[in-house]
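Participant: Residue numbers (our numbering): 8 to 215.
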């Protein structure tokens with residue numbers, strides 16, 4: 008589950024991915040399980056980690072970089088110097104949930120927006136690592152919250168969906184602003200039309 012950057016082919020050219028913001032359709036597009044863990048996947052993981060640290064995030068899921076795959080990276084310390092805290096989860100599935108706790112969450116696809124979300128206090132997850140080995144991970148507190156948040160992304164579910172009614176009301180203005188900014192970016196041609204994005208996601212799925 009944990010690994011050091013030397014395993015991610017650091018000398019290869021970067022793919023040029025970027026974090027997409029709400030309401031980009033990739034964020035609502037469920038990820039497809041990966042059927043192979045190869046050099047391409049390692050390159051994706053390396054760049055996702057770089058993006059996560061650059062944005063000072065705790066986790067990043069593939070749909071947030073317009074990749075429709077069941078893949079996430081995380082480091083609850085948010086410290087790139089603490090490589091032993093890095094986690095890579097391929098095709099993750101939550102096996103068990105225990106307890107319940109409310110806490111504040113943010114998201115790299117909603118910069119500046121935070122809200123209270125209730126999650127399981129402890130979760131057990133089964134996934135594959137970069138060597139293709141299956142492993143189980145039990146996580147609690149912040150680590151467990153990050154895992155649940157990122158696994159939601161893989162199903163097309165967002166943290167705004169799980170906010171309580173008061174938090175949703177407080178976030179409404181910010182969400183509307185994200186929607187306005189996205190529409191303006193499309194009008195400028197900075198973001199392709201929805202149909203083109205969906206075609207790209209479908210093509211990527213076929214190559215998974």
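Where is the CB? At the ideal position from N, CA and C, for every residue including glycine.
Just to confirm the assignment: which complete beta strand (DSSP E) runs, minimum length 3, are found wholly within the region 109-143?
Facilitator: For the region 109-143, whole beta strand (DSSP E) runs of length 3 or above, ordered along the chain, are 122-126 and 129-135.
Participant: List the endpoints of the continuous beta strand (DSSP E) containing residue 59.
Facilitator: Mapped onto the chain shown, residue 59 falls at position 52. No beta strand (DSSP E) contains residue 59, which is instead part of the alpha helix (DSSP H) from 46-61.
Participant: Residue 59 to residue 129, Cα distance in whole Å?
Facilitator: What you label residue 59 is simply residue 52 of the chain shown in a count that begins at 1. What you label residue 129 is simply residue 122 of the chain shown in a count that begins at 1. Whole-angstrom Cα-Cα distance: 23 Å.
Participant: Please tell me whether residue 24 and residue 54 are closer than 8 Å, where the distance is taken between their beta carbons.
Facilitator: Taking the first residue of the chain shown as position 1, residue 24 is located at position 17. Taking the first residue of the chain shown as position 1, residue 54 is located at position 47. Result yes, Cβ atoms of residue 24 and residue 54 sit closer than 8 Å.
Participant: According to DSSP, simplified to helix, strand and coil, what is residue 42?
Facilitator: Position 35 of the chain shown, counted from the start, is the residue given in the question as residue 42. The answer is coil: DSSP assigns residue 42 none of H, G, I, E or B.
Participant: Note the first and the last residue of the continuous alpha helix (DSSP H) segment covering residue 76.
Facilitator: What you label residue 76 is simply residue 69 of the chain shown in a count that begins at 1. Counting along the chain, residue 76 falls outside any alpha helix (DSSP H), and DSSP gives it neither H nor E.
Participant: Within the continuous alpha helix (DSSP H) that includes residue 153, where are the two ends?
Facilitator: Numbered from its first residue, the chain shown carries residue 153 at position 146. Its alpha helix (DSSP H) spans residues 148-161.
Participant: Return the bridge partner residues of residue 81 from the DSSP annotation.
Facilitator: As a first step, residue 81 is located in the chain shown; it is residue number 74 there, counting from the start. According to DSSP, which records beta bridges pairwise, residue 81 is partnered with 66 and 94.
Participant: To the nearest angstrom, report how far apart residue 177 and residue 71 are at their CA atoms.
Facilitator: In the chain shown, residue 177 corresponds to position 170, counting from 1. In the chain shown, residue 71 corresponds to position 64, counting from 1. In a straight line, the C-alpha of residue 177 is about 23 Å away from that of residue 71.
Participant: Short of 6 Å in beta carbon distance, which residues of its chain neighbour residue 109, apart from the five on each side in sequence? Order them along the chain.
Facilitator: By 1-based counting over the chain shown, the position of residue 109 is 102. The residues are 123 and 125.
Participant: Need the endpoints of the alpha helix (DSSP H) that residue 4 sits in, please.
Facilitator: Nothing about residue 4 can be read from this structure; the chain reaches only from 8 to 215.
Participant: For residue 56, tell me which candidate among 29, 84, 44 and 93 has the shortest Cα-Cα distance.
Facilitator: Taking the first residue of the chain shown as position 1, residue 56 is located at position 49. For residue 56, the nearest C-alpha among the options comes from 93.
Participant: In angstroms with no decimal places, state the Cα-to-Cα distance between residue 191 and residue 199.
Facilitator: Counted from its first residue, the chain shown places residue 191 at position 184. Counted from its first residue, the chain shown places residue 199 at position 192. Between residue 191 and residue 199, the C-alpha separation is close to 12 Å.
Participant: Where do the ends of the alpha helix (DSSP H) carrying residue 215 lie?
Facilitator: The residue given as residue 215 occupies position 208 in the chain shown. Unbroken run through residue 215: none, as it is neither H nor E.
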